[in-house]
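K.L.:
Quick note on the working numbering: the sequence shown kicks off at 1 and runs consecutively.
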Amino acid sequence: MSTLIPAFDPACINIHVSMNRVVVADLPGMPEKLRGKTGYQLLSAEALAALIKPHRESLGIPADVPDSDLPRQLDQVLLRGWGDQVLTVTSIASAFASRLAYLLATLKRGDAVNRAARPEWDESYWAHWANIKTVILGGGLASGILGGVAAQLTEETILPSLDVHDLRIQTSTFGARLPLYGVARHAPATCRRAYVLDFGNTSAKRGRALYTESELTSIEELSSLPTKPRQPADLFEFMVETLADPQVEHDGVIRACIAAYMDDDGHVQPGQLGLYGPLATVTTNLSADLSAAVSARLGRTVNVRVFHDGTSAGVVYAGVPHCAVLMMGTALGIGYPPATNDGLWRLKA
1 MSTLIPAFDP
11 ACINIHVSMN
21 RVVVADLPGM
31 PEKLRGKTGY
41 QLLSAEALAA
51 LIKPHRESLG
61 IPADVPDSDL
71 PRQLDQVLLR
81 GWGDQVLTVT
91 SIASAFASRL
101 AYLLATLKRG
111 DAVNRAARPE
121 WDESYWAHWA
131 NIKTVILGGG
141 LASGILGGVA
151 AQLTEETILP
161 SLDVHDLRIQ
171 TSTFGARLPL
181 YGVARHAPAT
191 CRRAYVLDFG
201 NTSAKRGRAL
211 YTESELTSIE
221 ELSSLPTKPR
231 QPADLFEFMV
241 ETLADPQVEH
251 DGVIRACIAA
261 YMDDDGHVQP
271 GQLGLYGPLA
281 TVTTNLSADL
291 SAAVSARLGR
301 TVNVRVFHDG
311 TSAGVVYAGV
321 PHCAVLMMGT
331 ALGIGYPPAT
341 NDGLWRLKA
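1. Tell me the rounded alpha-carbon separation between leucine 78 and leucine 51.
2. Which first and last residues belong to the beta strand (DSSP E) in which threonine 203 is found?
3. On a CA-only basis, which of Ala209, Gln247, Ala112 is nearest alanine 256? Give me that one, please.
4. Roughly how many whole angstroms lie between the Cα atoms of leucine 146 and leucine 298?
5. Check methionine 262 in the structure and name its three-state DSSP category.
6. Within the chosen definition, does the stretch 90-109 reach the stretch 5-25 through at least 3 CB pairs nearer than 8 Å?
7. Short check: CB of leucine 100 to CB of alanine 150, under 9 Å?
8. Extract the residue ranges of the alpha helix (DSSP H) inside the stretch 52-95, only unbroken runs of 4 or more that lie entirely within it.
9. According to DSSP, is serine 295 part of a helix, a strand, or is it coil?
10. By how many angstroms is the C-alpha of leucine 290 removed from the C-alpha of valine 253?
11. Please check the pair glycine 310 and methionine 328, which I expect to be a contact at CB under 8 Å, by giving their CB distance rounded to whole angstroms.
12. Taking buried to mean at least 16 other C-beta atoms within 10 Å of its own C-beta, is lysine 348 buried or exposed?
13. Looking only at its own chain, which residues have a Cβ that is under 7 Å from the Cβ of phenylalanine 174, when we skip the five neighbours before and after it?
14. Between the Cα of isoleucine 334 and those of Val294, Val17, Pro6, spot the shortest distance and give me the residue it belongs to.
15. Per the DSSP calculation, lysine 37 is bridged to which residue(s)?
16. CB phenylalanine 199 to CB isoleucine 258, shorter than 9 Å?
17. Can you give me the C-alpha to C-alpha distance between aspartate 163 and lysine 228, rounded to a whole angstrom?
18. So what does DSSP say about proline 115, is it helix, strand or coil?
So, in structure tokens, the structure goes:
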């Protein structure tokens with residue numbers, strides 16, 4: 001008996017909205033080698049590294065650099081100036097932009113062949129994407145020069161060639177730190193200092209959010225920590241240790257996000273894979289259990305609340321209509337801005 005998939009609700013997203021699982025079955029003029037690929041296969045960090053790898057020698061990237069570091073190395077090349085490498089860099093950027101355009105055109109157009117490849121989506125999912133007018137790119141892959149180039153090519157050249165003319169693509173000024181600002185907006189009104197974190201697949205980004213009486217003024221950057229544990233129990237302990245850092249001064253408020261969909265009570269929705277999904281099997285409520293463990297470790301009451309990383313990114317743009325925030329990092333993440341800023345800290349202009 002098949003499980004009934006809930007209708008699309010941008011305020012309560014789940015595993016079924018995943019951009020990694022979107023299948024680009026076919027589009028006009030799409031190369032045969034890309035047909036049938038998923039969003040993950042097209043646009044993950046691994047996919048971008050595969051585009052760069054054949055050109056590493058011509059780009060001057062040392063042979064001992066691991067493939068996982070190739071996207072960052074490419075951005076260093078761009079920062080130094082393209083020079084004699086302009087044709088190579090343009091080729092990579094164009095290929096990456098084309099893949100982004102194929103994914104977005106699949107969602108916007110809703111062709112029958114692509115709908116058939118995502119049978120769990122009912123009309124509510126396709127209708128929502130048909131009405132999207134702005135896509136904001138965040139995450140590590142979109143935070144550098146490549147992200148800006150890809151966004152411009154996608155919007156101005158490739159999407160129009162796919163008969164998509166009403167979609168604006170822009171990169172977030174917050175870059176890879178976008179989710180930190182999202183979780184920081186969820187602090188209580190009395191808070192003046194909050195510890196904010198974004199637990200990713202490769203590292204935990206950290207910061208300390210500072211507030212006045214009326215607004216979130218800034219986030220002090222703290223050093224990122226490598227995410228080494230791969231088993232749920234070890235990962236939970238890593239999160240406790242990171243959250244209970246005695247060197248970070250805050251008002252007993254910790255707001256964090258992870259690469260997993262969360263329920264309204266701050267727990268991991270069941271049935272998810274990936275690194276953080278299995279945390280549902282070792283905790284009864286992730287936010288509550290972390291609050292208890294961190295409070296015990298620090299010897300004072302600490303309130304921890306955990307959110308979905310893509311949703312947190314979307315919160316930064318609360319009030320922006322017909323908008324989606326696409327996070328591009330190890331994998332793809334998605335978030336949809338809330339309709340209003342009610343209950344959220346105001347961001348300093």
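Ideal placement from N, C-alpha and C gives every residue a C-beta, glycine not left out.
Note that the structure is a prediction, hence the values are computed from the model and not measured.
P.N.:
In brief:
1. 15 Å
2. According to the sequence as given, residue 203 is serine; it is not threonine. Run containing serine 203: 203-211, per the beta strand (DSSP E) assignment.
3. Ala209
4. 42 Å
5. strand
6. yes
7. yes
8. 70-80
9. helix
10. 12 Å
11. Going by Cβ atoms, the distance from glycine 310 to methionine 328 rounds to 11 Å, so no, they are not a contact pair.
12. exposed
13. Gly138, Tyr181, Val316
14. Val17
15. Val24
16. yes
17. 44 Å
18. The sequence given here has arginine at residue 115, not proline. Looking at arginine 115 - three-state DSSP - the assignment turns out to be helix.
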